[in-house]
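Below is one structure; the comments refer to it alone.
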Amino acid sequence: MKNSFKLVLIFSFFIVANACNQVSETKEANHEKDSTGKHQCSKDMDAATQEKNRSSSIHVSGEVINLLILNIDSIKAMPAVEVKNYQVVCQSGTSMGEAKNCKGVLLKSILEKAVIKQAHHKDRNFYIVARATDNYMATFSWGEIFNNETGNHTYVLFEENGKPIIEKGAFVLVCTNDIKSGPRHVYWLNSIEVNRVK
Ligand SMILES: Nc1nc2c(c(=O)[nH]1)N[C@H]1C(S)=C(S)[C@@H](COP(=O)(O)O)O[C@H]1N2
Ligand SMILES: [Mo]
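Using my numbering, the first residue of the sequence shown is number 10, and each one after it goes up by one.
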């Protein structure tokens, strides 16, 4: 008798917990959408928005020896890497799409070209801000890029399926090592700033 009472208690707990979970999932799904039902992260990609935000160069600035202004030709002159079947997943878990057969360069290669101003061996507390024309930003640390696998999976893409990136171009920064790739997916990329932690 005592044992069956315990079983009933355990079952009730699971039923209640499951119901709560479902409520919070629905809330989250609704929260992601605006009044028109559009996902909050999606932007209107009409021709005027594309035209206004498309970047033609990337400025590399801050704590670097070589200030760089990279355009499509100077990016193409760098060692290229291929990125296949890259999925964009929002922080909320919603799949936002995928990009097939992209070409790009490693963020690490760009920073090596710019040369971070390290005053001495232990001077390595830098953060790198990748910024877009609409001021969307993603942040990386020196340790992630130069002393972690993330550095081998953070790219500045300039080509999709053999063609220049149009809608969200000309440069898209991605980190394929992230659990959810959306937050550090920066389209319309036009700036990479290196800052020293103070
Ligand atoms: N420049 C720029 N990049 C951005 C955003 C933005 O508003 N501006 N939104 C981010 C968010 S919240 C997500 S989920 C993904 C969505 O990617 P997609 O619309 O290219 O699929 O892009 C990210 N990159
Ligand atoms: Mo997002």
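Each residue gets a CB set at the ideal place from its N, CA and C atoms; glycine is no exception.
{"query": "For residue 79, the residue or residues it bridges with in DSSP", "result": "67"}
{"query": "Residue 74 - DSSP class collapsed to helix/strand/coil", "result": "coil"}
{"query": "Nearest-angstrom Cα separation, counted from residue 145 out to residue 198", "result": "9 Å"}
{"query": "Any heavy atom of ligand 1 nearer than 6 Å to the CB - residues listed", "result": "50, 51, 52, 97, 99, 105, 106, 141, 143, 145, 177, 191, 194, 195, 196, 197"}
{"query": "Alpha-carbon to alpha-carbon, residue 125 and residue 206", "result": "13 Å"}
{"query": "Terminal residues of the alpha helix (DSSP H) in which residue 147 lies", "result": "Residue 147 -> not in any alpha helix (DSSP H); beta strand (DSSP E) instead, spanning 146-150."}
{"query": "Residue from 69, 147, 90, 168 whose Cα sits closest to the Cα of residue 81", "result": "168"}
{"query": "Contiguous alpha helix (DSSP H) assignments of at least 4 residues, all confined to the region 148-198", "result": "151-155"}
{"query": "8 Å Cβ cutoff met for residue 50 and residue 99", "result": "yes"}
{"query": "Enclosing alpha helix (DSSP H) for residue 112 [first to last residue]", "result": "Counting along the chain, residue 112 falls outside any alpha helix (DSSP H), though it belongs to the beta strand (DSSP E) covering 111-115."}
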